[in-house]
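Please read the structure below before turning to the comments.
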Amino acid sequence: MLMDEMNDYSSIADDDIINLPASKFPEPECKYRIRSCNRNGSELKRQVGIGEPIYHHWTCSYKQHSGPFCILVNNCTISNPRSDALPVLIINEFGCSLFPIIMPHIEYHGDLEGGLQTNAFLLDIDQV
Numbered sequence: 001m002l003m004d005e006m007n008d009y010s011s012i013a014d015d016d017i018i019n020l021p022a023s024k025f026p027e028p029e030c031k032y033r034i035r036s037c038n039r040n041g042s043e044l045k046r047q048v049g050i051g052e053p054i055y056h057h058w059t060c061s062y063k064q065h066s067g068p069f070c071i072l073v074n075n076c077t078i079s080n081p082r083s084d085a086l087p088v089l090i091i092n093e094f095g096c097s098l099f100p101i102i103m104p105h106i107e108y109h110g111d112l113e114g115g116l117q118t119n120a121f122l123l124d125i126d127q128v
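Residue 106 in the UniProt record's numbering sits at position 106 of the sequence shown, with consecutive numbering throughout.
What follows is the structure in structure tokens.
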């Protein structure tokens with residue numbers, strides 16, 4: 001099948017289109033956690049040191065409606081809490097890392113979970 005044929009929606013009958021009312025699908029319950037070392041590490045609730053291995057972990061739950069949904073982590077920023085500097089975009093609107101050497105691209109584990117393993121770092125935000 002040619003790509004043009006795959007994108008031709010004119011052959012879809014109006015009766016085949018399903019309107020899905022937003023009220024029937026509740027907002028997902030999403031969580032962001034920082035874990036020690038890897039995906040299965042314990043959740044960190046303390047300050048970490050520069051260079052310490054950490055895992056950024058995003059999960060969402062849709063309860064009974066999980067089948068047709070997936071997540072895309074995007075537009076993530078970092079900031080220095082001790083500075084009045086503006087936040088720096090580190091994962092763009094497409095979910096891609098803008099600094100892959102220190103912050104790799106997100107890996108997805110199924111439709112409702114993603115994460116990335118890295119070492120804790122500090123950017124000189126004024127120099128970015």
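All residues carry an ideal CB built from backbone N, CA and C; glycine is no exception.
Status (buried if at least 16 other CB within 10 Å, exposed otherwise) for residue i
i             : result
glycine 51    : exposed
isoleucine 17 : exposed
tyrosine 55   : buried
glutamate 43  : exposed
Alpha carbon of residue i to alpha carbon of residue j, nearest angstrom
i             : j             : result
glutamate 29  : cysteine 70   : 12 Å
leucine 2     : isoleucine 12 : With a pLDDT of only 49 at leucine 2, under the threshold of 50, the placement of this residue in the model should not be trusted, and no figure is reported.
serine 79     : aspartate 15  : 50 Å
isoleucine 34 : proline 21    : 34 Å
cysteine 96   : glutamate 27  : 24 Å
asparagine 40 : glycine 49    : 20 Å
asparagine 38 : asparagine 19 : 40 Å
glutamine 47  : lysine 63     : 32 Å
Integer Cβ distance of residue i from residue j, believed to fall under 8 Å
i             : j          : result
asparagine 92 : leucine 86 : No, asparagine 92 and leucine 86 are not in contact; Cβ-Cβ is about 16 Å, not under 8 Å.
Test item: CB-CB of residue i and residue j under 8 Å
i           : j              : result
proline 104 : threonine 118  : yes
valine 88   : leucine 122    : no
valine 73   : isoleucine 102 : no
Cβ contact check for the region 98-116 and the region 40-60: 3 or more pairs under 8 Å: The answer is yes - the region 40-60 touches the region 98-116, with three or more Cβ pairs under 8 Å.
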